[in-house]
Amino acid sequence: MDNTARNRVLEQIPYFSERMGRNYTQNAEYKESVKKADLIFEKLDNSLDDTQAELLEQYFIANNITAALTKKLIYQQGMMDLLDLLLGGKEFDICNNH
């Protein structure tokens, strides 16, 4: 795949990610999982002193950023691989993990 096509795909990632986010928020299983996690966090947060609560909050922020970046990179690679497959690109070689 040439760089122009690759760049066009990469430019669309924020829009695809936004659509994916809407799918999460409409999913009942996801909503239930978030609700459960929030209840557990509330119990944990109430049991910590201020310093511990701040450290835990910083941890969650860093962890969420890492998870978001991981999703973005996975999605980017998947889109590029799909485009390569659809266009018959020479760059897609499953044996070489491209």
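If you want the working numbering, it's the 1-based position in the sequence shown plus 122. Every residue, glycine too, gets a C-beta built ideally from N, C-alpha and C.
Asked, Found
"Continuous alpha helix (DSSP H) stretch holding residue 200: start and end", "172 to 209"
"Boundaries of the alpha helix (DSSP H) in which residue 145 is found, first to last residue", "125 to 147"
"Simplified DSSP state of residue 169, which is helix, strand or coil", "coil"
"Rounded separation between residue 207 and residue 140 - CA only", "24 Å"
"Exposed unless 16 or more other CB atoms sit within 10 angstroms - verdict on residue 202", "buried"
"Residue nearest to residue 197 in terms of C-alpha spacing, selected from 135, 128, 168, 127", "135"
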